[in-house]
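Residue numbers (this note's numbering), protein chains in the order written: chain F, 81 to 195; chain D, 1468 to 1581.
Presented below is the structure to which this report refers.
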Amino acid sequence: AQSVTQLGSHVSVSEGALVLLRCNYSSSVPPYLFWYVQYPNQGLQLLLKYTTGATLVKGINGFEAEFKKSETSFHLTKPSAHMSDAAEYFCAVSVAPSNTGKLIFGQGTTLQVKP
Amino acid sequence: GAVVSQHPSWVICKSGTSVKIECRSLDFQATTMFWYRQFPKQSLMLMATSNEGSKATYEQGVEKDKFLINHASLTLSTLTVTSAHPEDSSFYICSATGSDEKLFFGSGTQLSVL
Chain F
81 AQSVTQLGSH VSVSEGALVL LRCNYSSSVP PYLFWYVQYP NQGLQLLLKY TTGATLVKGI
141 NGFEAEFKKS ETSFHLTKPS AHMSDAAEYF CAVSVAPSNT GKLIFGQGTT LQVKP
Chain D
1468 GAVVSQHPSW VICKSGTSVK IECRSLDFQA TTMFWYRQFP KQSLMLMATS NEGSKATYEQ
1528 GVEKDKFLIN HASLTLSTLT VTSAHPEDSS FYICSATGSD EKLFFGSGTQ LSVL
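See below:
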């Protein structure tokens, strides 16, 4: 069975500071990993995903994440936070090799960006 | 622009009534659609998976007679909350995937049952 744990339900950073949102996963098979962003009362938007290949994945809006199998982690980072990055972020896992969309989500992390 | 349209975005209903939520794929054929439920400040929980033309597969603990899912065409899936009660109040989100297996989410429906 797969599971996802996001460390820290709330992260606060200053504008321009590094953003680090933590995600650890558990999977008995090679995982497909995703990061989604959700703005208030909206659906989810895909930031990036890891399936196979390069372990450092670049996504939209300057975000990137690194798949570390030895640490079972897929942390999300951004070098410099913008006010517009304030939102809810979800890490998710799907069973490889089929990206069926049947995702298991983490608990979510609220990112607050202070001016 | 949005490729999955979900309506309504917000609905209030009286306890005991039924509410239908629509999820449409706008420019692709959605062979599979997923319905999630999200409580405030919590994660999304998968309710069911629906494939066009077949019965939906419900996750453990989800009442299939209460949450009726219909996926009659390749562009439309509906979720009907029957005999809604206040505990059914939640944010419902659909997602859809087609032949290229890209996944797109709807904008969600906030259901409030009085």
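Glycine included, C-beta positions come from ideal geometry on N, C-alpha and C.
- D/E1554 carries a helical assignment under DSSP once its states are collapsed to helix, strand and coil.
- By the neighbour-count criterion, in which 16 or more other beta carbons inside 10 Å mark a residue as buried, D/Q1527 falls on the exposed side.
- Taking a contact as a CB-CB distance under 8 Å, the pair D/V1470 and D/F1506 does not count as one, their CB atoms being some 26 Å apart.
- Put simply, the CB of D/Q1527 is far from chain F, with every gap to its CB atoms at 8 Å or more.
- Burial check for F/Y105: the Cβ neighbour count within 10 Å reaches 16 or more, so the residue is buried.
- It is roughly 26 Å from the alpha-carbon of F/G96 to the alpha-carbon of F/Q187.
- Runs of beta strand (DSSP E) with 3 or more residues, each lying fully within the region 142–166 of chain F, are found at 144–148 and 153–158, listed in chain order.
- Listed along chain D, no residue sits closer than 9 Å to F/K149 by beta-carbon distance, the nearest being about 23 Å off.
- Here D/G1483 is exposed: its Cβ has fewer than 16 other Cβ atoms, across all protein chains shown, within 10 Å.
- The region 1486–1495 of chain D makes no contact with the region 102–117 of chain F: fewer than 3 CB pairs, one atom from each, lie closer than 8 Å.
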